[in-house]
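Reading through the structure tokens given below for one structure.
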Amino acid sequence: MTETASYDLQCLGVSKNYGAVRAVRDVSFDIPNGSFFSILGPSGCGKTTLMRMIAGFEEPSAGDIRIKDRSVLNTPPNRRNVKMVFQHLALFPMMNVYENIAYGLRCNRMSKAEIERRVSDVLARIELPDVADREIHQLSGGQKQRIAIARCMVLDPDVLLLDEPLGALDLKLREAMKIELKLLQHQFNTTFIYITHDQSEALVMSDYVAIMNAGRFEQIGTPQELYHKPKTAFVAGFVGDANRWPCRVVEAFGTTLRVETEIGLPLTGVACGRNPPMQAGAHGELFVRPEFIRAERVRTDGSPERAGPLNVIPGIIDSQLFNGAKSRVLVRGPQGMRIEADVTLTGGEEDLRPGEKVELSWPAEQTRCFAAAGSATGADPGAEPA
Amino acid sequence: MRLKATLVGALAAMLMAGTAQAETLRLLTWGGYAPEEVIRLFEEKYPDINVEVTLSNNEEMIAKLRATGGAGYDLAQPSHDRIYAAQYEYNIYKPLDLSKIDLSNVEPKLLAGVKENTTIEGQVYAVPHQWGTSGLMTDITKAPDIKSWGDLCDPKYKGKTSMRLRRTILLGTAFAMGEDPFSAYSDLAKYQQILDKVADKLIACKDNIKAYWKGGDDLSAMMLSGEIVASETWDSTAFKLYSQNPNIRFVPPETGALAWIDTFAMPRKAQADAAAYKWINFVLQPDIVKLMSASTGAMASIKGAQELLPADKQEAVKAAFTAEDIDNLKFFANIPPGVEDMEGKTLEKIQAATSN
Amino acid sequence: MRSQRDIRRLSLFLLLAPFALWIVLLVALPQLGMLFLSLREKIAPRVYEYGFANYVSFAGEPIYWNTLLRTATMSLLVTALALVIGFPVAYYIAKIAGRRSRGALFLLILIPLWVSDLIRAFGWILLLRETGVVSSLLQWSGLVSGGIEFLYTDATVVVGLVYTVILFMIVPLVSTLDGMDEAMIEAGYNLGGNGFTVLRRIIIPYAMPGIVSGCIVTFMLTAGSYLTPILLGGKNSSWFTAQIYDQFITRYNWEAGATFGVLLLAFTSVVVWIGLKLSGQSLSTTVARS
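Protein chains in written order, with the UniProt record's numbering: chain A, 1 to 386; chain B, 1 to 356; chain C, 1 to 290.
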């Protein structure tokens with residue numbers, strides 16, 4: 001027993017092996033009370049297995065799972081106060097809304113009057129007070145979602161698990177539900193553990209996000225930390241968009257590095273990651289987010305003064321990806337190297353157009369260099385929805 | 001209107017197709033009464049006749065003919081006691097032209113008996129073909145003293161006897177109780193009394209019975225395996241078992257084995273009368289009778305039929321029947337209308353009664 | 001517009017015509033004929049009257065309605081046993097067995113159907129008779145000294161019938177359970193249900209259409225079966241279909257036979273209707289769905 005019960009959920013060195021396949025490897029984390037915690041990772045990274053272990057549908061091969069400071073390893077799923085919203089919601093089609101919500105209360109042998117009170121209470125809290133008598137197939141997608149959450153929340157769980165519950169919804173509804181989920185979490189003040197492969201869902205809603213890859217947690221932190229201070233190459237690549245170039249370290253001054261890309265372009269960057277500081281000659285990978293790259297027309301009157309050490313390279317605009325204020329240009333740099341940079345397109349004369357010569361510049365501190373070994377995996381950032 | 005014309009045309013075409021072919025003789029008969037070999041010989045002799053056989057039993061023959069009003073078959077072979085009432089009630093047969101049948105070789109006693117039973121308004125509806133008896137069967141090493149129908153209820157053989165829950169056992173039991181059910185046919189109230197007595201007796205006897213047999217196969221299996229030692233039986237079944245186990249003998253009951261004669265009768269809407277007469281005359285020839293009896297296990301209704309049985313059957317018959325037994329045969333009497341219903345109810349009562 | 005609708009209606013009619021013909025000629029007409037026949041009373045040879053005499057005589061003869069009740073009770077028992085045995089089998093096939101073994105298991109269950117009723121009944125006779133396989137094995141193993149007769153009892157009839165009809169219980173159950181999302185069962189546990197609660201409140205209600213349609217088919221097949229009860233039944237066991245056969249064939253009493261037929265149909269329909277009412281299902285949600 002620890003002296004405080006400040007963690008709703010703790011995982012201590014949890015592993016799960018299926019034969020030779022190691023689905024979850026030595027995962028440890030604590031979730032403070034009442035937080036919105038997301039586990040974000042590509043499909044097949046082990047996040048579903050981890051969640052099923054927390055719910056009790058799978059036994060960990062090693063490690064301990066604690067809820068409110070008590071190990072639940074020997075507690076069957078129906079006795080754990082961890083409720084789950086399934087990917088396809090798993091509402092019971094043969095029961096109406098009331099029966100669906102009352103099911104768990106009945107299992108706890110609650111009195112009829114109490115059940116009635118609680119069901120109408122939870123329906124009021126999810127702002128669907130009049131649907132008790134509806135059949136499940138009469139509900140809209142968003143309503144089903146809320147009923148699935150209400151069915152769990154009515155039981156007052158210590159932790160609510162959500163397994164990509166927004167996956168089946170269309171884009172508009174998904175955006176709306178993100179906000180709604182966050183609000184619901186606030187309202188119930190219960191710990192939500194949200195499993196997803198969609199970084200925007202995780203970043204928007206969560207207090208904390210764990211990035212999972214190949215059965216391991218790469219990094220746990222607030223969305224801002226993950227975005228701005230990724231600790232591994234995988235996180236840097238997986239969270240948000242980034243230009244990504246392999247490089248070699250030429251010189252190292254503490255954490256400041258002078259590097260050379262594959263094509264011999266000299267740049268300045270900072271060493272990141274948990275590895276010991278990189279030495280000259282080490283291979284690494286550079287990550288630069290498009291929003292830190294400034295693209296400006298080459299002027300004849302010479303470059304303006306800039307503060308701090310900057311990386312500057314010339315290029316020609318290949319094409320323009322218009323998306324309002326968050327538009328982007330694809331730039332061909334030296335030797336055909338491709339660079340993405342964010343620009344603001346106003347529709348005026350000033351806008352950059354394809355074929356124009358530009359100068360790209362970004363601060364050295366936004367040029368993150370990770371050691372190359374084992375860091376080249378992960379999803380292509382361009383494939384993720386913005 | 002066009003649809004109707006088309007339908008009529010199609011139907012007519014089908015009918016034409018049915019009649020235009022070589023003549024077909026459609027037999028409705030018992031299993032074994034139309035052996036392949038006999039059909040082959042017949043079709044060789046009359047190449048333009050094609051024989052089709054439907055196997056059946058008394059009840060189903062009548063039910064089939066009744067359903068079609070006597071159509072669908074050209075020659076049927078019901079037992080002699082199943083013609084009069086069926087004809088009277090359902091009008092399913094037509095009279096025979098005896099001049100077209102060669103009766104010179106037919107056993108006169110059997111012919112007379114069948115004629116007597118099947119003459120309606122001066123017209124004869126059937127001639128005899130094969131005959132046989134129902135009686136008892138016993139394994140003489142295990143139940144040597146089975147002599148009467150009533151012996152099946154002997155507690156000595158508790159759980160070791162069998163019978164078929166049909167009218168034969170009702171009649172047999174009535175005889176064993178000293179009644180004459182056939183003469184009571186004319187007085188149905190009296191007959192009902194007899195049936196009630198018989199029912200009581202057979203219900204009391206239920207304990208003794210292992211199971212009621214349903215057909216020759218299950219009876220044979222129970223008898224050969226020794227699960228039962230005695231049973232009511234058809235003689236042909238007993239003769240068949242005799243060739244496999246000579247200890248199994250047919251026993252004509254003291255009161256007389258019940259004899260049936262399977263006949264030839266012509267369904268009312270038969271279409272191949274000439275072919276039917278040809279078949280009758282053909283199968284009554286002694287050399288064909290030999291083939292036939294080997295297949296049926298029953299005796300033909302012609303003079304000297306016993307000599308035409310296969311050797312093992314002759315032996316079985318000799319082991320079973322004495323001359324007195326033959327004299328003592330009780331031929332099934334014509335069933336008057338209503339009797340089947342009375343008997344049926346009695347049988348149901350027995351079946352439904354509980355025993356251990 | 002109008003003519004187009006007519007054309008559509010005509011083509012629908014043409015499409016349905018063979019089915020309607022089939023229903024009318026092979027199902028409705030014979031049943032009407034039976035009903036008509038059952039209202040005819042034979043008062044003397046070739047003399048008939050119309051009325052309810054056959055029904056009256058059925059009601060007045062305890063043997064008949066006892067047999068009908070007996071048949072119905074045993075059919076219900078067979079149905080219940082088929083459900084109790086078939087449900088776990090169906091559940092295993094639909095939810096637990098792997099994709100590949102599922103086909104094999106289904107095939108195994110189908111195999112008995114390739115053999116005719118008669119042969120199957122004889123199979124049981126060979127196994128269960130006093131000198132049969134089971135009895136001989138027991139004697140050989142020294143468990144019993146004399147031969148034991150397993151045949152000719154009601155229990156044998158029930159076993160034989162369950163064996164014959166269980167497939168018709170399993171197939172609709174498998175097809176219903178197959179459509180059930182595993183997550184639903186997990187949700188049942190997750191929300192605090194134990195195994196029994198999940199079975200009673202989630203799996204069974206979900207499978208209800210399959211259960212009811214399986215039960216209807218099984219019950220109808222059993223109540224209408226003829227060979228198995230006749231061949232395996234003992235000297236006390238009478239089955240209603242056997243009585244119909246007797247009336248039609250051995251007693252030439254078509255009128256009574258038709259009456260019994262109509263009564264069997266009406267009685268089983270009433271039982272099915274009660275079953276549907278009790279389970280809160282309707283024919284369209286059960287038989288049509290699975």
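For glycine and all other residues, C-beta sits at the position ideal for the given N, C-alpha and C.
Quick caveat: nothing in here was measured; it's all calculated off a predicted structure.
As a quick exercise: from the options, pick the residue whose alpha carbon is nearest that of residue i.
i	options	result
A/Val249	A/Leu257, A/Asn243, A/Ala242	A/Leu257
A/Leu9	A/Ser28, A/Tyr18, A/Arg328, A/Arg22	A/Ser28
A/Glu135	A/Val97, A/Leu161, A/Leu162, A/Asp121	A/Val97
C/Val157	C/Tyr245, C/Trp65, C/Arg120	C/Arg120
B/Glu107	B/Ile120, B/Tyr90, B/Gln130	B/Gln130
A/Lys68	A/Leu330, A/Val159, A/Val329	A/Val159
C/Leu177	C/Ala187, C/Ile203, C/Leu10	C/Ile203
A/Phe287	A/Arg328, A/Gly34, A/His137, A/Lys229	A/Lys229
B/Thr237	B/Asp218, B/Gly226, B/Glu227, B/Thr255	B/Asp218
A/Arg289	A/Glu262, A/Ile339, A/Leu265	A/Ile339
B/Phe175	B/Asn334, B/Thr346, B/Lys330, B/Gln351	B/Lys330
A/Gln143	A/Ala325, A/Leu89, A/Leu265	A/Leu89
A/Leu161	C/Leu173, C/Met184, C/Asn190, C/Phe168	C/Asn190
A/His137	A/Val154, A/Ala150, A/Phe92, A/Ile115	A/Phe92
A/Leu73	A/Asp133, A/Cys11, A/Gly41	A/Cys11
DSSP three-state label for residue i, please.
i	result
B/Cys205	helix
C/Tyr152	coil
residue 445 of chain B	Coverage of chain B is limited to positions 1 through 356, which leaves residue 445 of chain B absent and any answer about it impossible.
A/Thr268	strand
A/Cys45	coil
A/Gln10	strand
B/Thr263	strand
A/Ser28	strand
B/Lys240	helix
A/Ile147	helix
C/Gln243	helix
C/Met180	coil
B/Gly135	strand
B/Thr118	coil
Given 6 Å as the limit, tell me if residue i has its C-beta closer than that to any heavy atom belonging to the ligand ADP.
i	result
C/Met220	The ligand ADP is absent from the structure shown, which contains no ligands of any kind.
By the 10 Å Cβ neighbour count, where 16 or more other Cβ atoms means buried, how is residue i classified, buried or exposed?
i	result
C/Ile211	buried
A/Ala383	For A/Ala383, the predicted model reports a pLDDT of 33, less than 50, meaning its position is unreliable; a value from the coordinates is still stated below. Its Cβ having fewer than 16 others within 10 Å, A/Ala383 is exposed.
A/His197	buried
A/Arg79	exposed
B/Tyr33	buried
B/Glu348	buried
C/Thr73	exposed
C/Lys235	buried
B/Gly122	exposed
A/Arg146	buried
Work out the CA separation of residue j and residue i for me, nearest whole Å.
i	j	result
A/Met95	A/Met53	28 Å
A/Ser319	A/Val331	7 Å
B/Lys100	B/Gln192	42 Å
C/Trp65	B/Ile39	48 Å
B/Lys210	C/Gly142	24 Å
A/Phe57	A/Asn108	20 Å
B/Leu241	B/Ser220	7 Å
C/Glu149	C/Ala155	12 Å
B/Ser281	B/Lys313	Looking at the sequence shown, residue 281 of chain B is not Ser but Asn. Cα to Cα, B/Asn281 sits roughly 24 Å from B/Lys313.
A/Leu183	C/Asn194	32 Å
C/Arg70	B/Ala352	11 Å
B/Pro128	B/Ile288	15 Å
(request) Specify whether the segment 24-34 of chain B and the segment 65-75 of chain B touch according to this definition: at least 3 beta carbon pairs, one from each stretch, less than 8 Å apart. (result) yes
(request) Please list the residues of the segment 112-133 of chain C that have a C-beta atom closer than 8 Å to any C-beta atom in chain F, keeping them in chain order. (result) Of the chains in the structure shown, none is chain F; the protein chains are A, B and C.
(message) Whether or not the segment 57-70 of chain B and the segment 292-305 of chain B are in contact is what I'm after, with contact meaning three or more pairs of Cβ atoms, one per stretch, closer than 8 Å; do they touch?
(response) no
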